[in-house]
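Report on one structure; see the data block that follows.
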Amino acid sequence: MSGWLSLVHFQRPQWLWALLLLPLLWTVWGLRRRRQDWRDVVDPHLLQVLLVPARGHAWLRLASMSVAVLLAVLALAGPGWRKAPQPLLQARMPLVIALDLSSSIATPDLPPSRLAQARAKLDSLLQQRDGEVALVAWAEDAYTVAPLTADAANVALFLDALAPDVMPVDGHRADRAITHAAGLLRQAGFERGRILLLAADANVQSRAIAAATAAAGYQVSVLGLGTPEGATYRDGGGALRVSRRNDAALRALAAAGQGRYATLTIDDSDLALLGATAAEGVETTEEPGGAPAWLDQGYWLLLPLLLVAAFAFRRGAPLLALPLLLWVMPVAPAQAADSPWLRPDQQAQKQLERGVEAYRRGDYEAAAEAFAAAGERGAEAQYNLGNALARKGRYEDALKAYDRALAQAPAMEDALANRQVVEAAMRRQPPQGGAGQSGDAGRQGQGKPEDEAGQGEGEGGQDAPPQSAQDGAGGSRPPQDRPDEAARDEDPAAAQARQEQADREQSERMRQAMERDAGAQEEAEARAPAPGDPRERERRQAHEAWLQRVPDDPGGLLRAKFQLEHERRRKEGR
Numbered sequence: 001m002s003g004w005l006s007l008v009h010f011q012r013p014q015w016l017w018a019l020l021l022l023p024l025l026w027t028v029w030g031l032r033r034r035r036q037d038w039r040d041v042v043d044p045h046l047l048q049v050l051l052v053p054a055r056g057h058a059w060l061r062l063a064s065m066s067v068a069v070l071l072a073v074l075a076l077a078g079p080g081w082r083k084a085p086q087p088l089l090q091a092r093m094p095l096v097i098a099l100d101l102s103s104s105i106a107t108p109d110l111p112p113s114r115l116a117q118a119r120a121k122l123d124s125l126l127q128q129r130d131g132e133v134a135l136v137a138w139a140e141d142a143y144t145v146a147p148l149t150a151d152a153a154n155v156a157l158f159l160d161a162l163a164p165d166v167m168p169v170d171g172h173r174a175d176r177a178i179t180h181a182a183g184l185l186r187q188a189g190f191e192r193g194r195i196l197l198l199a200a201d202a203n204v205q206s207r208a209i210a211a212a213t214a215a216a217g218y219q220v221s222v223l224g225l226g227t228p229e230g231a232t233y234r235d236g237g238g239a240l241r242v243s244r245r246n247d248a249a250l251r252a253l254a255a256a257g258q259g260r261y262a263t264l265t266i267d268d269s270d271l272a273l274l275g276a277t278a279a280e281g282v283e284t285t286e287e288p289g290g291a292p293a294w295l296d297q298g299y300w301l302l303l304p305l306l307l308v309a310a311f312a313f314r315r316g317a318p319l320l321a322l323p324l325l326l327w328v329m330p331v332a333p334a335q336a337a338d339s340p341w342l343r344p345d346q347q348a349q350k351q352l353e354r355g356v357e358a359y360r361r362g363d364y365e366a367a368a369e370a371f372a373a374a375g376e377r378g379a380e381a382q383y384n385l386g387n388a389l390a391r392k393g394r395y396e397d398a399l400k401a402y403d404r405a406l407a408q409a410p411a412m413e414d415a416l417a418n419r420q421v422v423e424a425a426m427r428r429q430p431p432q433g434g435a436g437q438s439g440d441a442g443r444q445g446q447g448k449p450e451d452e453a454g455q456g457e458g459e460g461g462q463d464a465p466p467q468s469a470q471d472g473a474g475g476s477r478p479p480q481d482r483p484d485e486a487a488r489d490e491d492p493a494a495a496q497a498r499q500e501q502a503d504r505e506q507s508e509r510m511r512q513a514m515e516r517d518a519g520a521q522e523e524a525e526a527r528a529p530a531p532g533d534p535r536e537r538e539r540r541q542a543h544e545a546w547l548q549r550v551p552d553d554p555g556g557l558l559r560a561k562f563q564l565e566h567e568r569r570r571k572e573g574r
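By the count of the UniProt record's numbering, the sequence shown reaches residue 574 at its end, each step adding exactly one.
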């Protein structure tokens, strides 16, 4: 018994005190059993004949209630007989790398240059680093290249863009680099962290800043670039200067920052000396795999508890309690179109397909409703909605739908072309006449704007929306615009026949467009030229020639970013 109990661990053992309710329950039940009010008025020898003997299942009710209380208390105590490994909690120390990008970084004493060697060293560091890391570039001032992130590979993408020409002003202010790096750590909420400074020299002010930074909990280490002999380089003004690695100043800076100092080497011994690849801090747990924790298995006791509780009720009581349970249960809101078997994007696709089918049948009202319901499909659904509304004559609503499509996909040429067609139709359409006009007048003035160039096929299979007029006595519309004046005096019957012919032609074009779009993917694959096709080779060559005209400037984005930051700081007087 003791061996079995040693395998069970209670996460909330205070609930076990509630087991004292069991003796209390038994005592109350025993007192009620012994209480006989008829003993005071009836003789004992007559009472045995008058009273109905107690039924034997009374003990069963007491036992069931006792078991229910026992199971409930044990479930609340949180029993556990299994352990699960937990992740190791370690005090991670983030690292901020501050790289000198002054003009002296181009000094060739480390062939091919200090910058190339620094890039290679940082790439090796980022590949081995598994904690939070940030990158700062500094010269006269310091700027953030990449904020603190656990994705070191993302920081490595900026290495090729690092060059002296991205800095707004040339200079050598290591103190500002340390201050900026400490600010990144502080803003991210870290009380402890590391700063790795890559430089060939350090000014006097940087030592005091490093000491204050170390006192705040941020360790400052230094990786020396260059050689003691140095080499010549050209500064920002074009003058020749000599840059040498100042080991004494860099070592003093590292000592003030309570960090370490190392010089750049070909292998990773310098990184090992600095401890830059390790993300763990001083305070870590002793077990490398993490201490296992007990799993709360108390929910398994709820099933037998419900079964026992059902027997404890009086006859019919569970059925009476069901309406109460249904009343207190939360009701999940659901839309009429919700389906338990389809995701929202699948439901939107279904609506889009229904809209295309309705459009092909000529039921533009149903098509517009379906496309509106498929709003989650984005620009495609809005574009098709605009086509359906345009076919219904609702030009203003169609323009709004096209605008929403273009807002989500500015490069959608079909939506832009159809929008222009609808705008042209609205310009040719005069204001509506009065409601009292006859239907004949309205029909006599029906017409469509001429099909304009640029009509495209939509993703849902729609051509540019034909600008049809509304039927009925909604007011007369102008006949089709024609360059010759003789068309205005055309016979009404001839105009009606010409209008019907234009309608048939437009419907035929729409049907052909729908058929082409239904197999657009297969046709595109069939029309795709083979790899050895001369047209494909010409297209590829033209594309490569166009790419070659794009300037190769990986640091353009950083240059613009740093320049804007520099202007902002200058306006603030910093």
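Here a beta-carbon is modelled for each residue, glycine too, at the ideal position from N, C-alpha and C.
Residue i - DSSP class collapsed to helix/strand/coil
i, result
"Gly454", "Residue placement at Gly454 is poorly supported in this model, since its pLDDT is 37, which falls under 50; the coordinates are not used for a value here."
"Gly556", "helix"
"Gln382", "helix"
"Arg361", "helix"
"Leu196", "strand"
"Leu148", "strand"
"Leu399", "helix"
"Thr107", "coil"
"Leu184", "helix"
"Val69", "helix"
"Gln117", "helix"
"Leu126", "helix"
"Asp268", "coil"
"Leu20", "helix"
"Arg173", "coil"
"Ala293", "strand"
"Asp165", "helix"
"Asp247", "helix"
"Lys571", "helix"
"Met412", "coil"
"Ala310", "helix"
"Arg394", "coil"
"Thr179", "helix"
Outcome for residue i when other beta-carbon atoms lying within 10 angstroms are tallied against a minimum of 16
i, result
"His180", "buried"
"Thr213", "buried"
"Pro164", "buried"
"Pro304", "exposed"
"Glu572", "exposed"
"Arg114", "buried"
"Asp175", "buried"
"Leu46", "exposed"
"Leu302", "exposed"
"Trp232", "The sequence as given places Thr at residue 232; Trp does not occur at that position. Its Cβ having fewer than 16 others within 10 Å, Thr232 is exposed."
"Arg419", "buried"
Any C-beta of chain D under 8 Å from that of residue i
i, result
"Ala272", "Of the chains in the structure shown, none is chain D; there is only one protein chain."
Residues of its chain near residue i, where Cβ-Cβ distance is below 8 Å and the 5 sequence neighbours each way are ignored
i, result
"Arg119", "Leu159, Asp160 and Leu162"
"Leu76", "Arg12, Trp15, Ala18 and Gly298"
"Lys83", "Pro292, Ala293, Trp294 and Leu295"
"Ala68", "Leu305, Val308, Ala309 and Ala312"
Supposed close pair residue i, residue j - CB separation, criterion 8 Å
i, j, result
"Arg129", "Leu74", "With a Cβ gap of about 48 Å, Arg129 and Leu74 do not count as contacting."
"Arg569", "Val166", "The pair is not a contact, with the Cβ atoms about 16 Å apart (cut-off 8 Å)."
"Tyr395", "Ala425", "6 Å"
"Leu264", "Gln117", "6 Å"
"Ala136", "Ala142", "Note on residue identity: the sequence assigns Val, not Ala, to residue 136. Going by Cβ atoms, the distance from Val136 to Ala142 rounds to 5 Å, so yes, they are a contact pair."
Identity of the residues DSSP links to residue i by a beta bridge
i, result
"Val421", "Val421 is not bridged to any residue."
"His9", "Gly80"
"Thr232", "Val242"
"Leu95", "Val133 and Arg194"
"Ser206", "Its beta-bridge partners do not exist; DSSP assigns none."
"Ser221", "Leu196"
"Ala262", "Leu223"
"Ala215", "Looking at the DSSP assignment, Ala215 forms no beta bridge with any residue, so it has no partner."
"Tyr143", "Ala137"
"Asp100", "Trp138"
Own chain, CB closer than 6 Å to residue i, minus 5 neighbours either side, in chain order
i, result
"Gln382", "Ala401, Arg404 and Ala405"
"Asn246", "Asp201"
"Trp81", "Leu7 and Val8"
"Leu197", "Ala98 and Val222"
"Gly230", "Asp109, Val242, Ser243 and Arg244"
"Trp29", "Leu62"
"Met93", "Arg192, Gly193, Arg194 and Gly281"
"Ala150", "Glu132"
Sequence-distant residues of the same chain with beta carbon closer than 7 Å to residue i, five excluded per side
i, result
"Ser66", "Leu22 and Leu25"
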